[in-house]
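In what follows, a single structure is set out as structure tokens and then discussed.
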Amino acid sequence: MKLIDKYIFKKFITTFIFVVALLVVVIVVIDFTEKNEKFIKNEVPTDLIVYYYLSFMPWIANLIAPITVFISTVLVTAGMAGKTEIVAILAGGISFRRMLMPFLVGAILIAMTTFYVNGWMIPNSNKYRIAFEVEYLKKPFYFNERDIHFKIGEEEYLYLQRYNNRSEVGYKVTLEQIVGTEMKQKLTATKMTWDDSLGRWQFKDWELREIGEFGEKYSKGDEMDTLLSITPEDFDNKYQLNETMNLNELNDHIAMLKDRGADDVEVYEIEKYIRYMLPFTAIILTLMGVSVSAEKSTRGGAGFKIALGFLIAFVFIILFILVKAIAEAGSMNPIVAIWIPNMIGAVVSLILYRFVPK
1 MKLIDKYIFK
11 KFITTFIFVV
21 ALLVVVIVVI
31 DFTEKNEKFI
41 KNEVPTDLIV
51 YYYLSFMPWI
61 ANLIAPITVF
71 ISTVLVTAGM
81 AGKTEIVAIL
91 AGGISFRRML
101 MPFLVGAILI
111 AMTTFYVNGW
121 MIPNSNKYRI
131 AFEVEYLKKP
141 FYFNERDIHF
151 KIGEEEYLYL
161 QRYNNRSEVG
171 YKVTLEQIVG
181 TEMKQKLTAT
191 KMTWDDSLGR
201 WQFKDWELRE
211 IGEFGEKYSK
221 GDEMDTLLSI
231 TPEDFDNKYQ
241 LNETMNLNEL
251 NDHIAMLKDR
261 GADDVEVYEI
271 EKYIRYMLPF
281 TAIILTLMGV
291 SVSAEKSTRG
301 GAGFKIALGF
311 LIAFVFIILF
321 ILVKAIAEAG
331 SMNPIVAIWI
341 PNMIGAVVSL
351 ILYRFVPK
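FYI, UniProt numbering numbers position 140 of the sequence shown as 140, with every residue one higher than the one before it.
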């Protein structure tokens, strides 16, 4: 790297770290102010609160990373333009494209770091953060879905009319074994309860019909221990469960949900696509930030460019939230929806780059 590359790269990375740290501190203070009343009401120990915010800070820092990359780019580039440093660089024979390189190298480094952190490290800290929020900040969870269907094996299907997650009891249960298009077994029970000591379900007042080549066999009884591929955890609170899984766990969970024919698989697919999309967002916004603020302005100076940078960042956030909601509602293909902000951002960045005086 040349001396000018080291200068720009160092300035860009240090500004990024400063902006992230500043925004995280502001967000933590605001968040603590909003939640302090609940902390006091629920008598949450101080050490648990501290540990919660130690888990909260990496999550929020990673969440805002793409936008803070953009803001940092605007701050650095506008500052350089205001001091006529960019004019001097271009006059010294360095092309604008070459001057972009340290910015892009820094953006790629940040993108790779955030991808790894968001893919594997943050989900581990989120396990505590989300468990804390469920325990102390959210209302008690009650499983209120009715007419629940599970595919629990290649040939087994489970139906429950309703489930009580407090007592771990399911009511009006039907377990069917279907091979091809033919039903081989049908087990019905008034309810099924979880036996924690055995790690299996107990069917109460059950009736079993087994259909073979030579007719149907019928049996019934009061209790039957049954080992199924579901546990009470499958009926637990799913609040931000997608954020507690690393990419490997997320892929396994998506495969399981698809095998069961679950309705909420899109939520987990969207989380997966977002983790792959955000690193590219940082690179695109870096190009946009340099293009927006590289020209020395005679009106408004650096302040105008910084304000414009924040406006563009705000618009990008609103667009991202909008397309995510559309994807979760199933109104659009999730991959296409999640990548819309990046596609629009890339087009805008290329247009801005084209018209920057070089």
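Just so it is clear, CB atoms sit at the ideal spot from N, CA and C, and this is done for glycine as well.
No experiment lies behind these values; they were computed from the predicted model shown.
Taking 7 angstroms as the CB-CB cut-off, is residue i touching chain B?
i    : result
A189 : Annotation note: the requested chain B is absent from the structure, which comprises a single protein chain.
Only counting the same chain, and skipping five residues up and downstream in sequence, which positions put a Cβ closer than 6 angstroms to that of residue i?
i    : result
L257 : V265
Quick check on residue i: buried or exposed, where buried means 16 or more other Cβ atoms within 10 Å of its Cβ?
i    : result
M112 : exposed
T298 : Confidence is the limiting factor: at T298 the pLDDT is only 49, short of 50, which leaves the residue's position unreliable, though a coordinate-based value still follows. Its Cβ having fewer than 16 others within 10 Å, T298 is exposed.
I110 : buried
A78  : buried
K238 : exposed
K41  : exposed
P279 : buried
S72  : buried
F355 : exposed
Output the distance between the C-alpha atoms of residue i and residue j, rounded to the nearest integer angstrom.
i    : j    : result
N124 : M245 : 7 angstroms
R162 : E168 : 11 angstroms
M101 : D5   : 8 angstroms
D47  : E207 : 52 angstroms
V29  : A65  : 19 angstroms
I312 : M343 : 15 angstroms
M121 : Y51  : 16 angstroms
K220 : D196 : 24 angstroms
L326 : L187 : In the sequence under discussion, the amino acid at residue 326 is Ile, which differs from the Leu named in the question. Their Cα atoms are separated by approximately 40 angstroms.
L319 : P341 : 6 angstroms
E37  : F310 : 32 angstroms
L287 : M99  : 11 angstroms
W339 : Q185 : 46 angstroms
W194 : L22  : 49 angstroms
Taking 7 angstroms as the limit between beta carbons, can you name the residues of its chain near residue i, skipping five residues before and five after?
i    : result
G119 : N246, L247, R275
H253 : M245, Y268
A189 : V173, F203, K204, D205, W206
E328 : E266, V267, I270
Pop quiz: residue i and residue j are said to be a contact at Cβ under 8 angstroms. What is the actual Cβ separation, rounded to whole angstroms?
i    : j    : result
L228 : L308 : About 58 angstroms separates the two Cβ atoms, so there is no contact after all.
V44  : Y136 : 5 angstroms
A81  : E271 : The Cβ separation is near 38 angstroms, so there is no contact.
Could you give the first and the last residue of the continuous beta strand (DSSP E) run that contains residue i?
i    : result
N164 : 156-164
T226 : 215-226
Can you name, in chain order, every residue of its own chain whose Cβ lies under 8 angstroms from the Cβ of residue i, other than the five neighbours on each side?
i    : result
I283 : L104, A107, I108, A111
For residue i, report the span of its alpha helix (DSSP H) as first-last.
i    : result
V267 : 265-293
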